[in-house]
Amino acid sequence: MSRRELVVLGSASQTPTRHRNHNGYLLRFDADGVLFDPGEGTQRQMTHAGVSANELTHLCVTHFHGDHSLGLAGVIQRLSLDAVAHPVRCHYPASGQEYFDRLRHSTVFHERTELVEHPASGPGPLDGPLSAYQLDHRIDCFGYRYAEPDGVRMLPDALAAAGVRGADVRKLQADGVFVTPERTVGLADVSVPRPGQVVAFVMDTRLCEGAFACAREADLLVAESTFRADDADLAHRYGHLTSTEAGLLAAESGARELLLTHFSQRYPYAEADRFRDEAAKVFDGEIHVARDLDVVPLPSRR
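With this note's numbering as the guide, the letters of the sequence shown map in order to residues 23 to 324.
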């Protein structure tokens, strides 16, 4: 069954806590399974969440701070242990190649799964629906945007009225036009545009042009919210967003839903809803406050 949802495998920032594992997020989008920023402990969190290594088609690392990448070694070895038969594509900052290599070959194991490395040396398209955007952190860091291509939705009543049915519908979709004995039918006559769904993943960064471009009109924006508003000076010093800035990013980008995550260990777990309250002052869409093992479905199409 096709699924479109985000699985939160971890929601802590620098230090895991009793309630929050290091980062880790799986985007299930039809046949794709995109694992973002596997921090320490991700492999075990996958087991708790019922995520199979065979689901993974892409590994995406925003940057090579440990809370976003220390789980790579275990996940990569798990791919081979489970004999994942399809290639898995790996995206990460090209400037961190040595760190990717160290994590990939950190211990002895029998490598059976094909890893296809696609390091990002700058913003732009990556692989299929994925694109990278330059963020403003203390080291090279990229946001990732997963964008389904736009399509059309066929209108059954219009098709019937035009006399187009069966295999002729597929021909019309392929050619853009179909000639019946009575008339020439254009695709626009029997369909309406169907915007593709978009998920944006913006981790460690200050507000910047790349973050806004990545988040533009996203159906779901996953954004770091390391600090609360009272600690804005700390956030800017260390290259992070506050919860209010994450809300501003969502609002000014036209995002539909916002998932706040990557919380500092300085804040009590019981006060997590305060992040939502601060973001809601500037963003009136639906806001999710990430908790480990949450499953967040993508909203219905626009």
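No residue lacks a Cβ here, since even glycine has one placed at the ideal position from N, Cα and C.
This one's a predicted model, so the numbers in the text were calculated from it and none came from an experiment.
Which value, in whole angstroms, describes the spacing of the CA atoms of residue i and residue j?
i, j, result
"His-159", "Ala-268", "15 Å"
"Leu-280", "Arg-205", "47 Å"
"Glu-308", "Arg-278", "7 Å"
"Tyr-114", "Arg-228", "19 Å"
"Tyr-260", "Phe-285", "14 Å"
"Leu-49", "Leu-243", "12 Å"
"Gly-188", "Ala-180", "14 Å"
"Asp-255", "His-262", "10 Å"
"Leu-209", "Ala-182", "13 Å"
"Thr-135", "Arg-126", "12 Å"
For residue i, I'd like the list of residues in its chain whose CB is within less than 8 Å of its CB, leaving aside the five on either flank, ordered along the chain.
i, result
"Val-186", "Leu-194, Phe-200, Thr-202, Val-207 and Val-212"
"Arg-216", "Asp-172, Gly-173, Val-174, Arg-175 and Arg-323"
"Ala-75", "Met-68, Val-97, Arg-100, Leu-101, Leu-103, Asp-104 and Val-106"
"Phe-131", "Gln-99, Ser-102 and Leu-103"
"Glu-77", "Leu-48, Arg-50 and Gly-55"
"Lys-303", "Thr-266 and Gly-269"
Could you tell me the boundaries of the alpha helix (DSSP H) in which residue i lies?
i, result
"Glu-274", "265-275"
"His-70", "64-71"
"Glu-204", "Where Glu-204 is concerned, there is no enclosing alpha helix (DSSP H), given that its DSSP letter is neither H nor E."
"Arg-298", "295-302"
"Arg-192", "189-197"
Go to residue i, then tell me how far its beta strand (DSSP E) extends in each direction, as first and last residue.
i, result
"Asp-54", "54-58"
"His-262", "Here His-262 belongs to no beta strand (DSSP E), and DSSP marks it neither H nor E."
"Leu-81", "80-82"
"Glu-246", "242-246"
"Ser-91", "Note, Ser-91: premise wrong, no beta strand (DSSP E); not H, not E."
"Cys-236", "No beta strand (DSSP E) contains Cys-236, which is instead part of the alpha helix (DSSP H) from 231-237."
"Arg-50", "46-51"
"Thr-280", "Checking the sequence, you will find Leu at residue 280 rather than Thr. Note, Leu-280: beta strand (DSSP E), 279-283."
"Val-30", "26-32"
Leaving out the 5 sequence neighbours to the left and right, which residues in its chain are closer than 7 Å to residue i when beta-carbon positions are compared?
i, result
"Glu-274", "Phe-234"
"Arg-250", "Thr-264, Ser-265, Tyr-289, Arg-296, Phe-297 and Glu-300"
"Arg-238", "Ser-275 and Gly-276"
"Thr-37", "Gln-287"
Between residue i and the ligand FMN, is there a pair consisting of the residue's CB and a ligand heavy atom that are separated by less than 7 Å?
i, result
"Ala-254", "Annotation note on the ligand FMN: not contained in the displayed structure, which lists no ligands."
Give the secondary structure of residue i by DSSP, where H, G and I count as helix, E and B as strand, and everything else as coil.
i, result
"Ser-213", "strand"
"Arg-124", "helix"
"Val-221", "strand"
"Gly-118", "helix"
"Arg-42", "coil"
What residues in its chain sit with their C-beta under 6 Å from that of residue i, if we drop five residues either side in the sequence?
i, result
"Arg-26", "Phe-51 and Leu-320"
"Arg-167", "Ser-153, Ala-222 and Cys-236"
"Val-220", "Ala-169, Ala-240 and Asp-241"
Legend entry - Whole runs of the beta strand (DSSP E) within the stretch 127-185, excluding any shorter than 3 residues: Counting only runs of 3 or more, we get 137-139, 146-149, 152-156, 164-169 and 173-176.
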